[in-house]
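Enquirer:
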Amino acid sequence: MTAIITPDICDAHPEVQVLDPIFVSYGGREAFCGPIRTVKCFEDNTLIKQAVSEPGEGAVLVVDAGGSHRCAMLGDMLAELAVDNGWSGVVMYGCVRDVDVLAETDLGVHALGAHPRRSEKRGEGSRDITVTFAGVTLRPGQWLYADNNGIVVAEERLPLES
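First residue of the sequence shown: 15, per this note's numbering; consecutive thereafter.
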């Protein structure tokens, strides 16, 4: 796979959108990319578990968790499910937990912060919808590229040079 270097992507493709630099990288995979699939939920990770239990096929799960800092929406068990089912990464507009385990997991994980409390399980939220956070509107099917420099979004898969 070609190296994902978001500064180079921005230079070669000035049309990409760049998410505000509010995310921290927690996953063991420092650089990742894939087509976007979305979940929108607030302090309830039921639909996140449902999504990562399905074949990811290299996709990135983008979660609009409302920017909540009151609980974690992803931890070690859901991250392992995501790896087992072929997801490339998760971008969480919310918090994660089990960060020491996440750092050893072969999954890209960017989130706003860490929180030890787990979320509720009420089955609320939506999947595969357009979400907006961090200054960017993200739609299923767009391509997301992330590394330790930031997160960029393109309308389609970009031809990256090796």
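Each residue gets a CB set at the ideal place from its N, CA and C atoms; glycine is no exception.
Because the structure is a prediction, the values reported are computed rather than measured.
#1: Considering only the alpha carbon of each residue, which of ALA17, VAL30, LEU61 and GLY127 lies closest to TYR40?
#2: Return helix, strand or coil for PRO49, following the three-state DSSP convention.
#3: Does the Cβ-Cβ distance between ALA96 and GLY42 come in under 7 Å?
#4: Could you please give the first and the last residue of the uninterrupted beta strand (DSSP E) stretch that includes ALA128?
#5: In three-state DSSP terms, what is ASP58?
#6: Helix, strand or coil: which one does DSSP assign to GLU94?
#7: Roughly how many angstroms separate the alpha carbons of ASP112 and GLY155, rounded to a whole number?
#8: Roughly how far, in whole angstroms, is the beta-carbon of SER102 from the beta-carbon of GLY80, given that I think they are within contact range, below 8 Å?
#9: Assuming ALA125 and GLY149 make a contact with CB atoms under 8 Å, what is their CB distance in whole Å?
#10: Going by C-alpha to C-alpha distance, which of ASN99, ASP58 and HIS83 sits closest to GLY72?
#11: For VAL76 and ILE36, I'd like the C-alpha separation in whole angstroms.
#12: For PRO21, I'd like the list of residues in its chain whose CB is within less than 6 Å of its CB, leaving aside the five on either flank, ordered along the chain.
#13: Out of VAL105, THR119, SER67 and THR60, point me to the one whose CA is closest to VAL145's CA.
#14: Would you identify the three-state DSSP class for ASP161, choosing helix, strand or coil?
#15: Would you mind sorting ARG51 into buried or exposed? The rule is 16 or more other CB atoms within 10 Å of its CB.
#16: Using only alpha-carbon positions, find the residue among GLN64, VAL166, CYS47 and GLY89 that is nearest to GLY139.
#17: Between PHE147 and VAL115, what straight-line distance do the alpha-carbon atoms span, to the nearest angstrom?
Expert: Based on what the coordinates show:
#1: GLY127
#2: strand
#3: no
#4: 122 to 128
#5: strand
#6: helix
#7: 29 Å
#8: Going by Cβ atoms, the distance from SER102 to GLY80 rounds to 23 Å, so no, they are not a contact pair.
#9: In fact, because the Cβ distance is near 17 Å, the residues do not count as touching under 8 Å.
#10: ASN99
#11: 15 Å
#12: ASN163
#13: VAL105
#14: strand
#15: buried
#16: GLN64
#17: 27 Å
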